[in-house]
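Below: one structure, written as structure tokens.
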Amino acid sequence: MDTTVLAPLLEYSPNPTWLADSDGRCIYANQVLREITALSAAKLGDLNWLELVAEEDRQMSSTLWQEARIHHQPYRARFFLCARDCARGSTVDTVGTGHIAADGSEVWLFTAIVSTRSSKALPPAEANLQMTLNALPTKAWYARAAGALAFVNGPTADYQGLPSDHPLRFAADFEAPWDAHLVFLHPEDQPTSSRNWAEQIQTGRPGDDQFRVLGADGKYRWFLTRAEPLRDSDGKIKYWVGVNIDIDDKKRANEALDAARERIDRATQSAAIAELSASLSDRIVQPLAAVVANARAALNWLSSDNPNISQANAALEGVLRDGMSAGNIIHEMRELFDHRRPHPQAIDLNTLIQQVISLQAPDVRDKGVVIDCELNPDLPVAFADAAQIQQVLFNLLVDAYEAMSRSEEPKKLTLRTDFTDDHVSLEVENNGGCVASAEHMLDTVVADESRRTVVTLAISRSIIMAQGGTFKLFDEKEE
0 MDTTVLAPLL EYSPNPTWLA DSDGRCIYAN QVLREITALS AAKLGDLNWL
50 ELVAEEDRQM SSTLWQEARI HHQPYRARFF LCARDCARGS TVDTVGTGHI
100 AADGSEVWLF TAIVSTRSSK ALPPAEANLQ MTLNALPTKA WYARAAGALA
150 FVNGPTADYQ GLPSDHPLRF AADFEAPWDA HLVFLHPEDQ PTSSRNWAEQ
200 IQTGRPGDDQ FRVLGADGKY RWFLTRAEPL RDSDGKIKYW VGVNIDIDDK
250 KRANEALDAA RERIDRATQS AAIAELSASL SDRIVQPLAA VVANARAALN
300 WLSSDNPNIS QANAALEGVL RDGMSAGNII HEMRELFDHR RPHPQAIDLN
350 TLIQQVISLQ APDVRDKGVV IDCELNPDLP VAFADAAQIQ QVLFNLLVDA
400 YEAMSRSEEP KKLTLRTDFT DDHVSLEVEN NGGCVASAEH MLDTVVADES
450 RRTVVTLAIS RSIIMAQGGT FKLFDEKEE
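Here is the structure:
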């Protein structure tokens with residue numbers, strides 16, 4: 000392509016026409032474009048052609064152009080062309096093609112055709128479809144059979160901040176790329192959404208998707224979208240009709256719920272490690288201390304004998320050194336995983352119970368457990384570490400669910416709070432199975448998974464006792 004020869008041929012074209020280099024800089028603009036923008040050829044030469052696109056359409060136009068360059072395809076888009084003083088001018092359907100100039104550089108030729116609403120009447124079926132979708136209070140849209148977004152109803156356009164005369168508000172007859180709508184989505188959601196939409200178009204089956212859509216306020220919100228094919232009498236797809244349901248609040252609530260569960264799980268795991276490490280320390284440090292004492296005595300005995308004294312001393316010194324080292328390691332592990340010191344504050348036990356029950360709601364439903372809360376409404380505040388009390392409540396409820404899951408009887412869990420003798424109390428009662436023997440149940444042991452209850456009850460007791468409370472089973476002997 001020789002731009003010096005092409006420019007005179009384009010000068011008096013009735014449509015806005017321009018040439019741009021690979022960086023997007025305008026290297027030529029014809030007379031119509033100069034009149035629309037009220038800019039001279041020199042000033043246009045200092046601009047990137049995307050600066051001629053209205054701001055709300057600029058990102059989409061840039062993305063489509065870059066994709067056209069990468070895939071060596073023509074560029075097609077509809078956007079508002081800026082008029083003088085950067086005001087939004089006419090809607091134009093633009094086609095761009097890439098060429099190689101005589102000097103080997105990349106040159107793009109763009110031609111814009113002014114579009115009007117009345118340029119082509121909509122088919123009756125499509126006009127009725129628009130009327131129906133605009134009457135809906137929810138966000139709705141439809142796309143062409145090939146997947147190109149053609150129309151969004153009023154609530155959708157208002158959410159995205161589209162102007163009143165934006166092409167998507169009245170379904171212009173210009174065919175956009177099948178994935179042009181991705182520019183409205185969060186960048187992290189675009190690859191997955193593109194794959195899902197392509198598969199749906201290819202198979203012709205209805206489908207759901209979840210993604211974040213950019214709103215007029217510059218913030219993204221989560222939406223659940225459902226698209227259904229609308230077919231003609233021959234079974235051929237004419238349109239894709241979809242609705243977008245705002246699930247942002249639910250999504251964020253679930254994320255907060257998952258985060259709370261994760262914090263409780265971490266707290267439970269840390270407490271379990273602390274209790275087990277204490278048990279291991281008691282069982283390992285004492286025999287190692289005996290080894291050290293015996294080794295020291297043996298060293299003294301052997302020191303009085305003449306044969307192989309140096310070798311005996313060296314061997315026994317190694318036993319002494321290794322035994323002390325093992326004891327130090329066990330103590331360090333216990334300190335590493337030990338409970339953190341409680342931080343008492345005023346807490347509402349009834350509120351904490353309701354919060355933990357809410358966290359466990361899915362498990363309660365799955366296991367068919369009925370929870371009966373007999374909470375004293377006049378319960379005064381108590382002073383304790385709220386996070387650690389939540390951990391105890393979580394442990395008790397989980398163990399109760401697991402115990403009742405092994406029973407064929409109706410599963411009912413009763414929680415009672417009361418205030419007696421200046422103490423706030425909680426009772427947990429279930430009618431399902433439980434650990435067979437209560438004797439010595441609260442002693443920390445290293446058990447298999449089937450006896451998880453033994454460990455978690457011991458953890459709960461240690462937490463309560465650390466805060467000056469008491470923890471016991473109904474059939475446990477008074478201490």
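Here the sequence shown stands for residues 0 to 478, where the numbers follow numbering that gives the first Met the number 0.
Just so it is clear, CB atoms sit at the ideal spot from N, CA and C, and this is done for glycine as well.
Every value quoted in this text rests on a predicted model; they were computed, and no experiment measured them.
The beta carbons of D178 and N195 sit no closer together than 8 Å.
Between D417 and R265, the alpha-carbon positions lie close to 30 Å from each other. The three-state reading of DSSP puts D231 in coil, since its state is none of H, G, I, E or B. Distance between G217 and F210, taken at the CA atoms: about 16 Å.
In this structure, the beta-carbon distance from Y158 to A226 does not fall below 8 Å.
Taking 8 Å as the cut-off, the Cβ atoms of T90 and F79 count as close. Going by DSSP, Q199 is part of no beta strand (DSSP E) but of the alpha helix (DSSP H) stretching over 189-202.
Within 10 angstroms of the beta-carbon of Q72 lie fewer than 16 other beta-carbons, which makes it exposed. Taken through DSSP and simplified to helix, strand or coil, F183 comes out as helix. When secondary structure is reduced to three states using DSSP, V94 falls in the strand class. Membership of W239 in the beta strand (DSSP E) is indicated by the continuous run 236-245. Under the three-state reduction of DSSP, A381 is assigned to strand. Cβ-Cβ separation between S60 and L46: approximately 14 Å, too far for a contact (criterion under 8 Å). The C-alpha of T110 lies about 13 Å from the C-alpha of Q30. Around the C-beta of G95, 16 or more other C-beta atoms lie within 10 Å, and the residue is accordingly described as buried. Annotation for I246: W221, L223 place their beta carbon closer than 6 Å to its own, counting only its chain and skipping 5 residues before and after. A buried status is given to V423, since no fewer than 16 other beta-carbon atoms sit within 10 Å of its beta-carbon. Distance from the CA of D56 to the CA of D231, rounded to the nearest whole angstrom, comes to 33 Å. Cβ-Cβ separation between T137 and I244: approximately 7 Å, consistent with a contact (criterion under 8 Å). Residues V380 of the same chain have their beta carbon placed closer than 7 Å to that of D347, with the five preceding and five following residues left out of the count. The straight-line gap separating the alpha-carbon atoms of K366 and Y400 is approximately 7 Å. Boundaries for D420: no beta strand (DSSP E) harbours it, and the DSSP string shows neither H nor E there.
Taking C-beta atoms as the reference points, A149 and R168 fail to come closer than 8 Å. If you draw a straight line from the Cα of Y219 to the Cα of Y74, it is about 28 Å long.
Annotation for Q359: L396 place their beta carbon closer than 6 Å to its own, counting only its chain and skipping 5 residues before and after.
A distance below 6 Å between beta-carbons, with the five flanking residues on each side excluded, links V182 to the following residues of its chain, in chain order: Q58, M59, T62.
Only residues of its own chain outside the window of five on either side were considered, and among them I26 have a CB closer than 6 Å to the CB of D20, listed in chain order.
In the three-state scheme derived from DSSP, where H, G and I count as helix and E and B as strand, A345 is classed as strand. If you draw a straight line from the Cα of H180 to the Cα of G103, it is about 34 Å long. The alpha-carbon separation between D188 and L414 amounts to approximately 44 Å.
By the neighbour-count criterion, in which a residue is buried when 16 or more other Cβ atoms sit within 10 angstroms of its Cβ, C372 is exposed. In the DSSP annotation of this structure, the continuous segment of the alpha helix (DSSP H) that includes A41 starts and ends at 40-44. When the alpha-carbon of I112 is set against those of A41, W17, H70, the nearest one is in W17. Cβ-Cβ distances below 8 Å link P186 to nothing in the same chain once the five nearest sequence neighbours on each side are left out. Secondary-structure assignment with DSSP links R211 through a beta bridge to W221.
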